[in-house]
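Undergrad:
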Amino acid sequence: MRSENRAEEPTADQVRVAVDTFRLLADQTRVRLLWALADGDELDVGTLAEIAGTTQPATSQHLAKLRLAGAVDVRKDGRRALYSIRGVHLRRVIAEGLFHADHTLTGAPPHN
Ligand SMILES: [Zn+2]
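With positions in the sequence shown counted from 1, the corresponding number in this note's numbering is that position plus 166.
Next up, the structure:
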């Protein structure tokens, strides 16, 4: 990477994990789930299923995968499990991906 604010080329491991992350995100339900969590809220499965427009079992399966991959954390609050997104970088990836999608759809010119 030859940009002035990026000193070092990514390592092979960094590129591999980045690709794994993009692969993890390459799913409409997961993008919706992470978008729902991107502002830092902790949400339960029922709320997330509603936002994602899918069933609770399907939502639970996606959340399990996201958790295994380290993309979300879960915390018990009594009998409820509350999910949160893990870290600012993933939040930005989701937000920037959706900005990119918006600009692509609206034909907004590229900008810096
Ligand atoms: Zn923009």
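Here a beta-carbon is modelled for each residue, glycine too, at the ideal position from N, C-alpha and C.
Can you have a look at residue 255 and say buried or exposed, based on whether 16 or more other CB atoms are within 10 angstroms of its CB?
TA: The residue in question, residue 255, is exposed, as its Cβ has fewer than 16 Cβ neighbours within 10 Å.
Undergrad: Would you report the Cα separation of residue 244 and residue 189, rounded to the nearest angstrom?
TA: Those two C-alpha atoms are separated by around 33 angstroms.
Undergrad: State the Cα-Cα distance for the pair residue 223 and residue 272, rounded to the nearest angstrom.
TA: Using only the alpha carbons, I get a separation of about 34 angstroms.
Undergrad: Pick helix, strand or coil for residue 202, following the three-state DSSP scheme.
TA: Note: residue 202 maps to helix in three-state DSSP.
Undergrad: Bridge partners of residue 250, per DSSP?
TA: Residue 250 pairs with 239.
Undergrad: Are the segment 216-230 and the segment 255-265 touching, with three or more C-beta to C-beta distances below 8 angstroms?
TA: Touching, no, given that fewer than three Cβ pairs across the two stretches are closer than 8 angstroms.
Undergrad: If we count the other Cβ atoms within 10 Å of its Cβ and call it buried at 16 or more, is residue 167 buried or exposed?
TA: Residue confidence for residue 167 is low, a pLDDT of 49 falling below 50, so the modelled location carries little weight and cannot support an answer.
Undergrad: Return helix, strand or coil for residue 167, following the three-state DSSP convention.
TA: Residue placement at residue 167 is poorly supported in this model, since its pLDDT is 49, which falls under 50; the coordinates are not used for a value here.
Undergrad: What does the Cβ neighbour count give for residue 238, buried or exposed, with the cut at 16 atoms within 10 Å?
TA: By the 10 Å Cβ count, residue 238 comes out buried.
Undergrad: Check for me: the alpha helix (DSSP H) holding residue 228 runs from which residue to which?
TA: Residue 228 -> alpha helix (DSSP H) spans 222-234.
Undergrad: Can you tell which of 268, 257, 277 has the C-alpha that lies nearest to the C-alpha of residue 205?
TA: Looking at the Cα atoms, 257 is the closest of the given residues.
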